[in-house]
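Visitor: For what it's worth, numbering that gives the first Met the number 0 labels the leading residue of the sequence shown as 0, then goes sequentially. We put the beta carbon where it would ideally sit given N, CA and C, even for glycine.
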Amino acid sequence: MTPFSALDALNKLANATAIPATISASAQASPAAPAGRPLSRLPAFDEITLANAYIFDNSDRGKNFEWMWWRATFQVFTETTPFTPSHQNAAWEGNAVLRHPDVFSNVMEKYAYDNPTMLPADLWDAAYMPVLRQTASMPVNGEWPRLGQVQMDGSGTYYEFGSIALAQETTHSGFLLDLILPGGTITFQNFTILPKIPMKPIMRASHDPHRLWLNRKGRKAKS
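1) Within its chain, find whatever has a CB closer than 7 angstroms to the CB of Met107; leave out the 5 residues flanking it on each side and keep chain order.
2) Give a yes or no on whether the C-beta atoms belonging to Val75 and Ala50 are separated by under 7 angstroms.
3) If we count the other Cβ atoms within 10 Å of its Cβ and call it buried at 16 or more, is Asp59 buried or exposed?
4) Going along the chain, which residues of its own chain have a beta-carbon closer than 8 angstroms to the beta-carbon of Pro200, five neighbours each way excluded?
5) What whole-angstrom Cβ distance do Ala204 and Gln188 have, given they're in contact under 8 angstroms?
6) List the endpoints of the continuous alpha helix (DSSP H) containing Asn105.
7) In this structure, what does DSSP give as the bridge partners for Met202?
8) So Ile179 and Ile163 are in contact, right, with Cβ under 8 angstroms, and what is the actual spacing, rounded?
9) By Cβ distance, which residues of its chain are closer than 7 angstroms to Thr77, with the 5 residues on each side in sequence left out?
10) Short of 6 angstroms in beta carbon distance, which residues of its chain neighbour Asp177, apart from the five on each side in sequence? Order them along the chain.
11) Return the residue from the list Phe190, Tyr158, Ser172, Lys195 that minimises the CA-CA distance to Val96.
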């Protein structure tokens with residue numbers, strides 16, 4: 000992997016005050032929804048009670064898919080009583096193409112430059128630069144770390160500006176996936192490895208701190 004070109008952008012902000020990677024909702028601007036797209040239904044961090052994450056590997060699909068070899072998808076829920084998670088009762092579903100950090104930096108910095116009303120400079124500095132600094136200091140382990148801009152599933156594209164996916168492979172904790180949201184971060188770990196089937200995820204994990212997940216027989220299925 001080549002050195003992070005994101006460091007060039009960091010040098011321009013060398014005199015700026017460092018901002019924590021986890022920011023509160025009040026510290027970030029609220030970007031307008033792209034024209035013709037619905038307002039986001041992504042719940043606030045403190046409203047999310049359970050979340051699922053899936054990792055897709057498209058690396059065997061040829062050069063045309065090189066830009067999206069790795070992809071994460073998410074389901075988040077706001078139920079407060081035990082339930083069986085499904086597409087039907089998800090409060091929000093979305094995804095993120097996981098790119099090398101230098102590619103992510105270049106793509107998103109260009110988007111911010113071309114679309115300042117969508118991704119304003121203060122949001123870039125508050126939400127994106129801390130994650131780029133954090134990632135630039137991580138050791139490279141094979142394909143990881145990678146970063147992705149979170150977007151809502153549905154017709155067209157709606158970016159959840161200020162929400163970022165960070166995937167890394169660590170020596171001690173294995174594969175970790177952070178869903179970095181305004182107000183907090185959900186960390187997925189202890190991934191289950193799945194059989195590799197075309198167009199299907201290769202790994203999955205859940206964040207269920209309140210033990211709300213019920214299996215189909217009505218018993219709690221997650222510890």
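Guide: Considering the structure as presented:
1) Start at 1 with the first residue of the sequence shown, and residue 107 comes out as number 108. Here the set comprises Tyr127, Gln148.
2) In the sequence shown, counting from the first residue as 1, residue 75 sits at position 76. In the sequence shown, counting from the first residue as 1, residue 50 sits at position 51. The answer is yes: Cβ separation under 7 angstroms.
3) Numbered from 1 along the sequence shown, position 60 holds the residue referred to as residue 59. So Asp59 counts as exposed.
4) Locating residue 200 in the sequence shown gives position 201, counting from the first residue. Once the five neighbours on either side are set aside, the close Cβ partners of Pro200 are Tyr53, Ile54, Phe55, Thr72, Leu193.
5) Taking the first residue of the sequence shown as position 1, residue 204 is located at position 205. Taking the first residue of the sequence shown as position 1, residue 188 is located at position 189. Sure, about 6 angstroms apart at Cβ, within 8 angstroms.
6) Here the question's residue 105 lines up with position 106 in the sequence shown. Here the alpha helix (DSSP H) through Asn105 covers 100-113.
7) Position 203 of the sequence shown, counted from the start, is the residue given in the question as residue 202. DSSP lists Ile54, Ile192 as partners of Met202.
8) Your numbering for residue 179 matches position 180 in the sequence shown. Your numbering for residue 163 matches position 164 in the sequence shown. Taking C-beta atoms under 8 angstroms as the contact rule, Ile179 and Ile163 qualify, at a distance of about 5 angstroms.
9) To locate residue 77, count along the sequence shown from 1; it is residue 78. So the qualifying residues of the chain are Pro42, Glu46, Ile47, Thr48, Ala90.
10) For the purposes of this step, residue 177 is taken as residue 178 along the sequence shown, with counting starting at 1. Same-chain partners within the cutoff: Leu165, Thr184, Thr186.
11) Here residue 96 refers to the residue found at position 97 of the sequence shown. With distances taken between Cα atoms, Val96 lies closest to Tyr158.
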